[in-house]
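In terms of the working numbering, the sequence shown opens at residue 492 and continues consecutively. Where is the CB? At the ideal position from N, CA and C, for every residue including glycine. Report on the following structure.
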Amino acid sequence: MKLYYHKGKNFGDQLNPMIFDHFLPGFFSEQGETLFVGIGSLIGLVSRFPSRKIVFSSGLADGDAATYGPVPKDLSTFEFVCVRGPLTAARLALPPQLAITDGAILLAAMPLPYQRSHEVISFMPHVGSEHFFDHQKMADALGWQFISPTESPDAVLRKLMRSKFVVTEAMHGAIVADTLRIPWIPYVGFSTINAFKWEDWCDSMGLAYKPFKLKPYFDEQRLKQWVNDRWSKKVRWVPWLSPILIQLGNAIMKRRWNNNLTILKKMGKAENTTLSQQDVFQDRLQRMLEKVNGMKENRKQWEQ
Numbered sequence: 492m493k494l495y496y497h498k499g500k501n502f503g504d505q506l507n508p509m510i511f512d513h514f515l516p517g518f519f520s521e522q523g524e525t526l527f528v529g530i531g532s533l534i535g536l537v538s539r540f541p542s543r544k545i546v547f548s549s550g551l552a553d554g555d556a557a558t559y560g561p562v563p564k565d566l567s568t569f570e571f572v573c574v575r576g577p578l579t580a581a582r583l584a585l586p587p588q589l590a591i592t593d594g595a596i597l598l599a600a601m602p603l604p605y606q607r608s609h610e611v612i613s614f615m616p617h618v619g620s621e622h623f624f625d626h627q628k629m630a631d632a633l634g635w636q637f638i639s640p641t642e643s644p645d646a647v648l649r650k651l652m653r654s655k656f657v658v659t660e661a662m663h664g665a666i667v668a669d670t671l672r673i674p675w676i677p678y679v680g681f682s683t684i685n686a687f688k689w690e691d692w693c694d695s696m697g698l699a700y701k702p703f704k705l706k707p708y709f710d711e712q713r714l715k716q717w718v719n720d721r722w723s724k725k726v727r728w729v730p731w732l733s734p735i736l737i738q739l740g741n742a743i744m745k746r747r748w749n750n751n752l753t754i755l756k757k758m759g760k761a762e763n764t765t766l767s768q769q770d771v772f773q774d775r776l777q778r779m780l781e782k783v784n785g786m787k788e789n790r791k792q793w794e795q
């Protein structure tokens, strides 16, 4: 089988080889024709491939076909071991028992070389939001630890383990924090966030998705690019108009910066944190481990 996942620099995606090479050693080959579809919102994306697809904890991201692919109508080339959550299972008309949770929960059953401490509050944006603004600057203003979703899994995990709790726009920031039993707080700052994905995972863990809302904020370079791209396509461009719009936009962004910092300070308190119930967590972890063991015991079935 070929381990299929998004190869970009994004923490959640990069967990795939770390986790599945550990639990299913020797299962994967780059020359394999069968696709093993792991962590991520990948089901829509792989639907375009005619090859056999084995889904292990992946999910849908409904409503954003351009990014995540369409909801597949023909499932004849799919074999489902488990999916991320009840929303994915319902949308694909799968048996409810196949909805367990995100495969990143398996980190809890791995021998991770990190010591837990409670030193800092951590701040982690979504990978699609990070390039719009210097989030390090925002974290510094708050006195929080900044975690970039583009850092290596090792770097992110080390930072998470230092956290009192995590304020995160990145779904796998919350999933892995929950897996490591670190409280977390969700927020949304940009339209890059797909609520279906979050609700799917939260539902799998008996949680409600209720993120804090920030106003979208852009640095000066991104604002200038946005103004030029947006307005040059809609109106006959007047050279002197661009600086005025950019100046106005910068004033708006400065106000948003201050307002967002105020919101973050209020939300960044322990009483606003979330963590799944221990009995729910242990149930989902055990069910996921059973799926792993089932694949090992029936390896020939999956490799045929």
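Can you check whether the CB of Asp691 is closer than 9 Å to the CB of Pro577?
Numbered from 1 along the sequence shown, position 86 holds the residue referred to as residue 577. Numbered from 1 along the sequence shown, position 200 holds the residue referred to as residue 691. A contact, by the Cβ cut-off of 9 Å.
Shorter than 8 Å, the distance from the beta carbon of Tyr708 to the closest heavy atom of the ligand ATP, or not?
The ligand ATP is not among the ligands present in this structure, which contains no ligands whatsoever.
Exposure label - Leu705; buried when at least 16 CB within 10 Å:
Mapped onto the sequence shown, residue 705 falls at position 214. Counting Cβ neighbours within 10 Å, Leu705 comes out buried, since at least 16 surround it.
Helix, strand or coil: which one does DSSP assign to Thr765?
Here the question's residue 765 lines up with position 274 in the sequence shown. Per DSSP, reduced to three states, the secondary structure at Thr765 is strand.
Which first and last residues belong to the beta strand (DSSP E) in which Ile612 is found?
Reading the sequence shown from its first residue, position 121 is the one you call residue 612. Here the beta strand (DSSP E) through Ile612 covers Val611 to Met615.
Provide the residue span of the alpha helix (DSSP H) that contains Trp635, from first to last.
Taking the first residue of the sequence shown as position 1, residue 635 is located at position 144. No alpha helix (DSSP H) contains Trp635, which DSSP labels as neither H nor E.
For Leu766, the nearest candidate out of Ser682, Asp593, Val667 and Leu603 (CA to CA):
Here residue 766 refers to the residue found at position 275 of the sequence shown. With distances taken between Cα atoms, Leu766 lies closest to Val667.
If you follow the beta strand (DSSP E) that Val667 is part of, which residue opens it and which one closes it?
Numbered from its first residue, the sequence shown carries residue 667 at position 176. Careful: Val667 lies outside any beta strand (DSSP E), inside the alpha helix (DSSP H) at Met662 to Thr670.
Identity of the residue in Gln522, Ile530, Ala556 and Phe703 nearest Ser538 by Cα:
Numbered from its first residue, the sequence shown carries residue 538 at position 47. Per the Cα distances, Ala556.
Leaving aside the five residues before and after Val647 along the sequence, list all residues of the same chain whose C-beta is less than 7 Å from its C-beta, in chain order.
As a first step, residue 647 is located in the sequence shown; it is residue number 156 there, counting from the start. The answer, listed in chain order, is Phe502 and Ile638.
Please list, in chain order, all residues of the same chain as Lys782 whose beta carbon is under 6 Å from its beta carbon, the five residues on each side excluded.
Counted from its first residue, the sequence shown places residue 782 at position 291. The answer, listed in chain order, is Val572 and Cys573.
Taking Cβ to Cβ, would you say Val546 is nearer than 9 Å to Phe569?
Position 55 of the sequence shown, counted from the start, is the residue given in the question as residue 546. Position 78 of the sequence shown, counted from the start, is the residue given in the question as residue 569. Against a cut-off of 9 Å, the Cβ pair of Phe569 and Val546 comes out as a contact.
Hey, does Ala590 have any beta-carbon neighbour from chain B nearer than 9 Å?
Any reference to chain B falls outside this structure, which holds one protein chain only.
Closest residue to Lys589 among Ala580, Gly554 and Leu714 (Cα-Cα distance):
Working through the sequence shown from its first residue, we reach residue 589 at position 98. Before going further, note that residue 589 is Leu rather than Lys in the sequence given. If you compare the alpha carbons of Ala580, Gly554 and Leu714 with that of Leu589, the shortest gap goes to Ala580.
Locate the alpha helix (DSSP H) running through Gln536, then write down its first and last residues.
Translated into positions along the sequence shown, residue 536 becomes position 45. First, the residue type needs correcting, since residue 536 is Leu and not Gln in the sequence shown. Per DSSP, Leu536 belongs to the alpha helix (DSSP H) from Ile534 to Val537.
Between which residues of its own chain and Ser520 is the CB-CB distance below 8 Å, once the five residues before and five after are set aside?
In the sequence shown, residue 520 corresponds to position 29, counting from 1. Excluding sequence neighbours, Ser520 sits near Met492 and Lys493.
Can you tell me whether DSSP reads Thr525 as helix, strand or coil?
Looking up residue 525 in the sequence shown gives position 34. Here Thr525 sits in coil by DSSP.
If we count the other Cβ atoms within 10 Å of its Cβ and call it buried at 16 or more, is Leu739 buried or exposed?
Counting from 1 along the sequence shown, the entry for residue 739 is found at position 248. It counts as exposed.
Of the listed residues Pro587, Met629, Thr558 and Gly535, nearest to Asp438 (C-alpha basis):
Nothing can be reported for residue 438: it is not among the residues displayed for the chain, which extend from 492 to 795.
Check whether the Cβ atoms of Ile534 and Pro563 sit closer than 9 Å, and answer yes or no.
For the purposes of this step, residue 534 is taken as residue 43 along the sequence shown, with counting starting at 1. For the purposes of this step, residue 563 is taken as residue 72 along the sequence shown, with counting starting at 1. Yes, Cβ-Cβ distance for Ile534 and Pro563 is below 9 Å.
Whole-number beta carbon distance between Gln636 and Ser620, since they are thought to touch under 8 Å
As a working note, residue 620 is residue 129 in the sequence shown. As a working note, residue 636 is residue 145 in the sequence shown. Not really, about 18 Å apart at Cβ, beyond 8 Å.
Beta-carbon proximity of Ile676 to Asn763, cut-off 9 Å
Working through the sequence shown from its first residue, we reach residue 676 at position 185. Working through the sequence shown from its first residue, we reach residue 763 at position 272. Inclusion of Ile676 and Asn763 in the CB contact set at 9 Å is warranted, their separation being smaller than that value.
Could you work out which residue in Leu698, Lys756 and Gly785 is closest to Pro592 when comparing CA atoms only?
By one-based count along the sequence shown, residue 592 stands at place 101. Per the sequence shown, the amino acid found at residue 592 is Thr instead of Pro. Answer by Cα proximity: Leu698.
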